[in-house]
Amino acid sequence: MTPVQQALLVLLLPLASAAIIALFLRRAGALAAVVSVAACAGLAAVALMLVFGGARNFPASWEWLRLGDFSLSIGIKFDDLAALMLAIVAVVGLCVHVFSLGYMHDDGAKARFFGGLSIFMFSMLGIVFADNLFMIFIFWELVGFSSYLLINHYHERQSAADAAKKAFIVNRVGDFGFLLGIVMCYWLNGTVNLTTLAEHHVFSSAVPLLLFCGAVGKSAQLPLQVWLPDAMEGPTPVSALIHAATMVAAGIYMLCRIEPLMTPSALTVIMWTGTATALYAALCAITQRDIKKVLAYSTLSQLGYMVAAFGLGSLTVRHEVGGAAPEMAVAAGVGAAMFHLTTHAFFKALMFLGSGSVIYGCHHEQDIFKMGGLKSKMPLTFATFTIGVLAIIGMPYVAAGFFSKDAILHLAMEKNTAVFALLAFTAVLTSFYMVRLWILVFLGAPRSDEASHAHEGGLSMTLPLVLLAVLSVVGGYTAIYGHVFDGVWSLIPHAEGVSVLIVSLAVMTAGAGTAFVVYRPAGFDALEQKAPGLFGALVALKESFDLVYNYYVKKIQQRFAMLLNFLEQIGLAGLVIRGGSGLVGLLGLGARALHVGNLHAYVYWFLLGAALLWAYAAGVF
Amino acid sequence: MSDALFYLFAFFTVASAIGVVANKNAVNAAMCLMLCLVGVASLFVLLDAYLLAALLVLVYAGAVVALFLFIVMLLDMQGGVKRPFRLMTAVASVAALALMLVGVTMLKNRGELGSLPAPVDVGAPVGAVLKGYAELLFTTYLLPVQIIGFLLLIAMLGVIVLSKKFEGLEDIK
Amino acid sequence: MPIDFLQQAAESNEWLAITPELMLGLTALLLLVLELVLPKSRHGLIPAVAIVVQLVIAAGLALNFNTAFLRPDTVFNGLLRLSTDGQFLRLFFLACSILVCLLGTVSLAKQRMPRVEFYHLVLVITAAMMLLAQANHFVLLFVALETVTVGFYILVSYFRESPLSLEAGLKYLVMGALSSALLLFGIVLLYGVAGNRALPAGSADSMNFDQLRAFLAANPHNFLASVGIVLVLAGVAFKIGAVPFQIWIPDVYQGAPTPVTAFLAVASKAAGFAVLLVLAQRAFAPYQALVAPALAVMAGATILFGNLAALTQHNVKRLIGLSGVSHAGYLMIGVIAAYREPLAVGALWFYLTAYLLASFAVFGVMTHLAGRNDADQELDHYANLAREQPFLAAVLAIGLGSLAGIPPLAGFMGKVLIFVAAFKAGHYPLLAVAITGVVISIYYYFGWIKAAFFPVGSQPAPAAAGTGAAAPIGPWFRVALVALAAGSVLLGFYPGAFGQWVLAH
Amino acid sequence: MSTTLNDYLVLSGLLFAIGFFGVLLRKNTLVIFMCLELMLVASTLALVAFSRFNGTLDGDVFVFFILTVAAAEVAVGLAIIVALFRRRQTIQVEELNALKN
Amino acid sequence: MSTLPLDPLLLAIATPLAVAVAILLGLPKRHSIKLAYVGFAVPALVGLWCWANFPADLGAKYAFFSRYSTGLDGLGITLALGLNGVALPMFVLAGLVGFAAGVYAIQSNAERLKIYLMLLLVMQAGLMGVFASVDVFFFYFFHELALIPTFIMVGVWGGRDRGYAAMKMTIYLTAGAMLSLLGLIAIYVKSGGGGQTFDLIMLREALAADPIGVATQKHIFGLLLFGFGILVSLWPFHTWAPLGYGAAPSSAAMLHAGVLKKFGLYGLIQIALPLLPEGAKDWARVLAWLSLGNVLVVGFIAIAQRDLKQMLGYSSVMHMGYAFLGLACFSVLGVGGVVLLMVAHGLSVALLFLLATSIQQRTHTLDLTEMGGLAQKAPVLAAFFVAATFASIGLPGLANFWGELTIFVALWHFSPGFAAAAVAGVVISAVYGLRSVAAVFFGPPTEALQKVAATHPPGDLTWREKIPALVLLAALLFVGFWPQSLSRPLQSTLTASFRMLDAPRLAAGR
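Chains A, B, C, D and E are the protein sequences, given in the same order.
With positions in the first sequence counted from 1, the corresponding number in our numbering is that position plus 695.
With positions in the second sequence counted from 1, the corresponding number in our numbering is that position plus 1213.
With positions in the third sequence counted from 1, the corresponding number in our numbering is that position plus 19.
With positions in the fourth sequence counted from 1, the corresponding number in our numbering is that position plus 3.
With positions in the fifth sequence counted from 1, the corresponding number in our numbering is that position plus 506.
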């Protein structure tokens, strides 16, 4: 098989699976699951062949639409960046598929679920392969759609329905900018092909900023982060795959794709957005009681890290002088962001699947204060989850997260002290809330019936955990990948000296230590009791955005809509139209009333007519 | 002489015409109409239209007005019921009069009536005129004469339809 | 010698030129004879005879449409002018007459009235209208017009059982006589002015249209002539029901027997337009600057008034009368456009034809549904018609749709042709008024269709509708309705030879 | 003869107008009808005058037709009025308004 | 291009008409229904056949061209039938939606089904005629032919407020039709000296050689713009649409909102833009501002709706705003986008109206606040509705996306500000679209619904409902996945016969 065929196979397998499920297997959930998992396994195998086969940048492009001089094509740009992303998506995707076999075993709408997963894989891979912005946008939207479907899986729950709706609409807001950016880019440069654009393009900050809007939506950056925590209404595997490992990372991936278009001012905006998101989400995570929400906020936070990392790539010198050095510098941002994306994909997927395992084990109990003592009930989950926690808090050399976080902190330290400080503080918070979670879930004694009857899931659930745990451990060592991703790995900034390492260690210990001090495995939130003021502030911080948005939706948008509707119904349809027709009707009544039935009145008309005509002939008019 | 006659007849005619309009009593109105027609017939004579004058008196004053009178009697109206004077009537009448006056004044001012012809002296004897009249009627205007025949026929039929008692048809209320 | 004139007249083929009119007149007489001759039980044959003879005449006319008799185009010393337009109008009036006779059979069956006179009158009036439409001389015009008018006085008040019919007759009589007086005074003025040999082109035969035209052309600003012209126009405006001489229409239409209403609405109006066209385009052509603006203002006012007044009307006879007023307005646009655009004449004839088909379809339905009280025909009586009499409802819908000017019906084509002509002639303001009128008219036409078609729940139709609705539809009547509906549809998109004749103008 | 055509025309117009006002003002249908006849006669007066002054006979012949028509009209009109009176017991204009609106 | 023994276009017009006439003449119900299937299927099949056999590089010519005389040749009117790249998509659309609406109508088992079908068939014939007509007169003529049955169908088989709705709709549409008729007549009259014609091909040639003066063009274009605009519910002349669609029976709403409404846009594209380029340029700004009214104002109004069909009506009005914006661009890209959008919107809105009726039959209400949780009872219905909603909010993979995307791209060139406003509309449509989906299908069932469900347990879509829905959805997907199938003929026709359209400034790359 040529690489092109492989790529197409990778792309079309999940689509075929989705189509088959939608058309034929709607009622056969088990079969649908098998088909979907098989498709995913197949695509993973082919994808890995493709990735490790070493073929890169093979030409593949087909025109999809042409109107006037506008042409939209579908093509494949397969460089190391894409290969890396493909590998991540394939591996994590496969893990989640397999995990879902167990997790969703008893679900009544398995076919829909697995169909959705397949559509998602198709869409996500489309983004990965895309060689132009329009194509990215197309799959971008599809990804959003599949996310909507999957969040909405438990559609009989109002909260799930609301969350799905919210996710899609918020993403649409981001896509508003994204699409405008693409269109602007098209008219500015005459093309949206990534390769061509990389070669030459018109510098403009508006284009990258508009495109970044897309990433803000998809990667849930401030101020569009609100949908992601709510998206946890979806089944946990979905959260793992879509809302942690891959889809939300698509924003980062897209940014890396359009990296050549960046300008310093755009990068600065991006950097601060990422930093703010990282910090904000970390603060929010502290007060969460729901295991998935904690993870969701941590995802947000880590995404903020990645965005910040990308923005940090900016080095103020970029574009100020020509030459290779600045190019290297910005690419550092790409390297750091992608590196963190990779490790995060592994460990966050691991943790989400772990939480899934916990939730499954606890009979769909998600409140961490009602768990506890799962260390002994679910040892494998405990072990793998612990690895995940270690990874995210950046335990040096033990887990993958360390390396990527290290790279980002290093970059920040080099570029911007303020950002560095904030990110470091975020890291403190991260280890604080992750350890809190870990303590509450796994240590102590079970605090509820569900927790005390917890049990490990089947092989299909544990196997992915193990695989991801392994990856979370070794994933940080870039050497293990061979040289297939060198195009990306070579961009990772490497800290020289131990300063960053020390900082990393310090923040990790500080956070974790505080958590150990504050929290005991108990049925109440220790922080809330010890520092209610702080806790309240954090809760308020978390809810502030929702408040604002809810206020907007309920009080502004809805009222504005009602007002316009009122104007339409009363003003336009009522006053103008009905009034106008009423006026005509009155005229009609008047004209009708002229026929009074009295002969004399009619003779007057004749008199009038004769007189008028006489006057007319006499030249009065 | 004929001038004086003209003004006499004209006054007579107009006066009796006003009588038709102004008279409360329908019988009197009919009588006035007859007088008016006689006046017009006199004017016809002044205009040398002797045949028409005769016809007018015979057909109109004789037959038509008689018919009117007959009907008035038949219907036996209780005089004119006094109706309140209508403002509308007055306004419209005044307006119409004013319009007409304006029209006549403009007519005068334009001096266009000055272009009216002076009388052509036919000079032919009455008999010759009558002959020409008859010739016209039965050559040029033969078709209208035929049509008039039909008109009279349908008028007669109409009166029958509207008035005649048809056996068995009349008694529906 | 005196007999010579008659001799000559008999020998000339001038009488042949008016064969259709003569035959109609003779048939009318024949009907009276038949009434005497036939036993009472066979009187039902009389309308059949009338219709059959008229069909024969129509067939003969159609076959000889472009006959050689048209060659000396004026006959009877210039009283009558023969033309293909005249031929068309003869056919048109014949068609009206046939249909009125047919409707008469339906309508008279519900009344205890003498029958034969009705057909006689219709035939005579039709003959007179034919002559009227071809008149080239004011004497003939007046006489024919009065024959028509007097005939209509009788027809309108024909249902003498009904005070409403008589009241309508009286109103029509007074208004008609008034308008005749105006018309006559106008004719007199024109005759007098144009007969003035002291003026250029003054003529002895000044009531002849051609002479009059020559005179007017030579005297472009004669005041008395102007007054005469507007007075004549006023008289004609009464016939066609143009504002402000339209006011009598609803009352008279409502009171008149329905077939007579149809006759008035279609034939009388068409005759008026034939006269108006001849006068405006031929006799008064040199006074275009006087006539056209007056007609234009009247047309606009007519369209608006007709449509507005019909808007809230509930009595269908009044409604269709007022809608007819608005149609007069559209037709007047055609007359005005004819000054600059020859197509307008063809458009006028097409419009009239479409109007005939549609109106008679509607009147046919109305006649069938009318109760004994002919004047009482309300929109409410049409409730659930579509459910109970789908055939009649369909015919009604086609007729109304055509009147409203909806494709694929003939009325639409008529309006398009008129609009095209008006557009070519550049009468943009009138077009604006016209489309406003069309939009307004949709309301009441569709209101009527709505009344007939839309379900009104279970409430039964008012009892007044009773008598007609239940009666069976006679076979010939049904054939006629189908033909009218089919004609309306066919003429709408496949006018064929008729379309070509119209467009050849 | 020094009376001019103008005099006749004014007279005729006057008669016509009086007739018109009669139609306008009188309530009795019969009288209205008489006034209509008056208007017709006014026209004939003008016609005869024109005919005389123009020296053509056509006008005079036309008068013949007008008179005939008027007679026919009167006959029919009176028949209608009589028939109406039989049904309604009135011929007053303002009471004859069953047809309206 | 293979050949048919018959003129395919005439066949597509005549078959439904013939069936309608047969039904009118009193065919028994059983046979009527069978024949009606034929009447609805033939146009669809002919449409697909034409699509499959459409010549690749047609340029300014018409395919499947034929001409018939109707006796109006003197007026420059002949029944000329043919398809170009703009007409083809619409023709196919009309066929497919007509088929779906017909099949849905047959299964609806409406009262007096025969008459209902007859009217629908007449409408179908009119629709096929509109898009197959090369002659402007017949183009208008067929539109009205299709319009009239709508009135009766709304009035007789309609829902709430049907009388008022039918009347208002008819008056509005007549007003629009009259204005556009005047405009068309104006074009006809101005089309050169003696050789005035309604034939579009000849008109194009005549006016290319001897264009109408700029000032006149502006006037005529104004007439056409507002005339056609009213027909397409241009803001603020749109209020008939939600009302009418809210009251219309499903099949009538499908055909009207889906196909017939596009008549105005189609007319602007085929007639007004190529013949009156200067007028079009002059009016572009005005048009664009009014279209923003459609997109933003009506978009927000759609958010405020509580009645599902009203909401769909408003959403349909809103999407027409995009189409107008595409026209305002006055470029091949923009206009091509409009055609794509028309097809896509026609399919999706027809599908939505179909499903809305199916929903109503199950919930016995259209009030969004009283619904909920229907997805549990009718998952397939839910799936279709979700798909249709996402189609209408422009999800890639479904046809609407292409229309919207191309219009946005073209619009940026016209004015970035308008482009931004238009794209903002995408968010609005997502808001009300998803809101309605959620309100109908998701969440727990409301009490009212449970009560209804207790007496009439709502089932899922039946097969006879599914077939028309599937046809429409399949078409949406087909175009969504293979837009070239429509854009190729479009490209060929637009670039060849619309030479006066500005070429986009830049040659596009990838």
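Just so it is clear, CB atoms sit at the ideal spot from N, CA and C, and this is done for glycine as well.
If you're wondering where the values come from, they're calculated on a predicted model, not measured in any experiment.
Nearest-angstrom Cβ-Cβ length linking residue i and residue j, presumed shorter than 8 Å
i          : j          : result
Leu-1117/A : Thr-963/A  : Actually they are not in contact, since the Cβ atoms of Leu-1117/A and Thr-963/A sit about 14 Å apart, beyond 8 Å.
Thr-145/C  : Leu-113/C  : 7 Å
Met-634/E  : Ile-519/E  : 5 Å
Ala-1122/A : Gly-1089/A : 7 Å
Leu-762/A  : Ser-993/E  : 5 Å
Val-72/D   : Thr-47/D   : Contact flag wrong, Cβ pair sits at about 11 Å.
Ile-965/A  : Phe-1047/A : Ile-965/A to Phe-1047/A, Cβ: 26 Å. No contact.
Residue burial classification, residue i (beta-carbon count within 10 angstroms, cutoff 16)
i          : result
Val-1193/A : exposed
Tyr-992/A  : buried
Ser-797/E  : buried
Ala-781/A  : Just to set this straight, residue 781/A is Leu in the shown sequence, not Ala. With 16 or more other Cβ atoms within 10 Å, it is buried.
Gln-956/E  : exposed
Ile-1175/A : exposed
Asn-615/E  : exposed
CB of residue i within 9 Å of CB of residue j, strictly
i         : j         : result
Ala-641/A : Pro-932/A : Because chain A is modelled from 696 through 1316, residue 641/A falls outside the range shown and cannot be assessed.
Ala-778/E : Ala-834/E : no
Leu-919/A : His-938/A : no
Ser-841/A : Ser-712/A : no
9 Å Cβ cutoff, residue i in contact with chain E
i          : result
Asn-1293/A : no
Beta carbon proximity, residue i to chain D, threshold 9 Å
i          : result
Ala-1288/A : yes
Ala-1312/A : no
Any chain C beta carbon closer than 9 Å to residue i
i          : result
Phe-1301/A : yes
Gly-1232/B : no
His-762/E  : no
Gly-852/E  : no
Helix, strand or coil at residue i according to DSSP, with G and I counted as helix
i          : result
Val-744/E  : The question names Val, but residue 744/E in the sequence shown is His. Three-state result, His-744/E: coil.
Trp-988/E  : coil
Tyr-1297/A : helix
Gln-92/D   : coil
Asn-334/C  : strand
Val-94/C   : strand
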